[in-house]
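What follows is a set of notes on a single structure, which appears directly below.
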Amino acid sequence: MNVEIRNVYCVGRNYKLHAEELGNEVPAEPMIFLKPSHAVVPLDGATLELPQGQGDIHFETELVVAVGRKYEPGMSADTCLNAFAFGIDFTLRDVQSVLKKKGHPWTAAKGFKSSAPVTPFLPLEQLDMLELQDFSLLKNGQEVQRGHVKNMIFSIQHIVEYIATHYGLGEGDIIFTGTPAGVGPTASGDRFELFWGSERQGSFTIA
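Going by full-length UniProt numbering, the letters in the sequence shown line up with residues 1 to 207, in that order.
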């Protein structure tokens with residue numbers, strides 16, 4: 001299904017093991033950052049051009065949900081959301097480390113072009129359907145990440161309410177809900193495949 005993307009919200013450190021693998025504290029409330037909408041590109045087997053000469057670029061695979069109607073207080077995520085997909089939050093890790101030390105925003109590390117590739121969106125009829133299967137990422141044929149919504153620190157309902165309360169949430173907004181453990185570097189020629197259960201949802205190759 002087609003989703004006209006407006007705002008791109010991302011949740012940081014929403015899986016305990018991922019926070020720990022990077023030496024970060026587990027947050028007490030959702031940690032939200034944004035990417036520009038032009039960071040989003042389709043995961044349709046294309047070759048992606050990523051920045052050169054800025055240090056390691058890490059992959060972070062995530063469940064992505066799409067907002068189908070403006071959030072109103074007390075609304076369930078089932079009512080607010082209408083689609084889901086899977087994506088990669090590409091991160092210039094060395095750049096991010098410098099920004100964190102300086103206390104600066106992460107935009108330079110997270111918001112570059114093609115930093116948010118997303119598989120085709122699927123209809124989301126009920127939130128419970130997201131609990132039916134794991135999602136996973138294969139790098140050059142080897143599984144490197146596997147996640148499940150039950151392992152999130154903050155539930156999708158909590159995330160929806162939090163973002164809507166603090167920033168607003170409307171039709172066309174999408175949310176990257178956080179990455180499980182197993183993030184790592186990319187290199188030219190790497191091929192990635194994203195799965196939900198046993199079904200491949202999308203793939204791409206690094207130029």
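Backbone N, C-alpha and C define an ideal beta-carbon position, used for all residues, glycine too.
**Item:** Where residue 129 sits in the DSSP three-state scheme
**Value:** helix
**Request:** With DSSP collapsed to three states, give me the class of residue 203.
**Result:** strand
**Request:** Pick out the complete beta strand (DSSP E) segments inside the stretch 12–91, 3 residues or longer, and give them in chain order.
**Result:** 31–35, 40–42, 57–59, 61–67, 81–88
**Message:** On a Cα-Cα basis, can you pick out the residue from 74, 95, 174, 82 that is closest to residue 55?
**Reply:** 95
**Nonlocal neighbours in the same chain, by C-beta distance under 6 Å from residue 173, ignoring five residues either side** = 6, 7, 67
**Prompt:** Taking Cβ to Cβ, would you say residue 39 is nearer than 8 Å to residue 86?
**Reply:** no
**Message:** If you follow the beta strand (DSSP E) that residue 210 is in, where does it begin and where does it stop?
**Reply:** With the chain running from 1 to 207 in the structure shown, residue 210 is simply not present.
**Asked** residue 183 by DSSP, collapsed to three states: which one?
**Response** coil
**Request:** Check whether the stretch 97–104 touches the stretch 114–125, counting contact only when three or more Cβ pairs, one atom from each stretch, lie closer than 8 Å.
**Result:** no
**Asked** Looking at C-beta atoms only, is the number of pairs between the stretch 69–81 and the stretch 26–43 that lie closer than 8 Å three or more?
**Response** no
**Request:** In the DSSP assignment, find the unbroken alpha helix (DSSP H) run with residue 95 in it and report its ends.
**Result:** 93–102
**Asked** So with Cβ pairs under 8 Å, would you call residue 61 a contact of chain B?
**Response** No chain B is part of this structure, which consists of one protein chain only.
**Span of the beta strand (DSSP E), counted from its first residue to its last, around residue 113** = Unbroken run through residue 113: none, as it is neither H nor E.
**Prompt:** Mind checking residue 152: buried by the 16 CB within 10 Å criterion, or exposed?
**Reply:** buried
**Rounded separation between residue 9 and residue 31 - CA only** = 10 Å
**Asked** Going by alpha carbons, who is nearest to residue 198 out of 28, 25, 132?
**Response** 132
**Request:** Give me the Cα-Cα distance between residue 141 and residue 203, rounded to the nearest whole angstrom.
**Result:** 11 Å
**Prompt:** What's the gap between the Cα of residue 37 and the Cα of residue 115?
**Reply:** 10 Å
**Message:** Between the alpha carbons of residue 58 and residue 156, how many angstroms are there, rounded?
**Reply:** 24 Å
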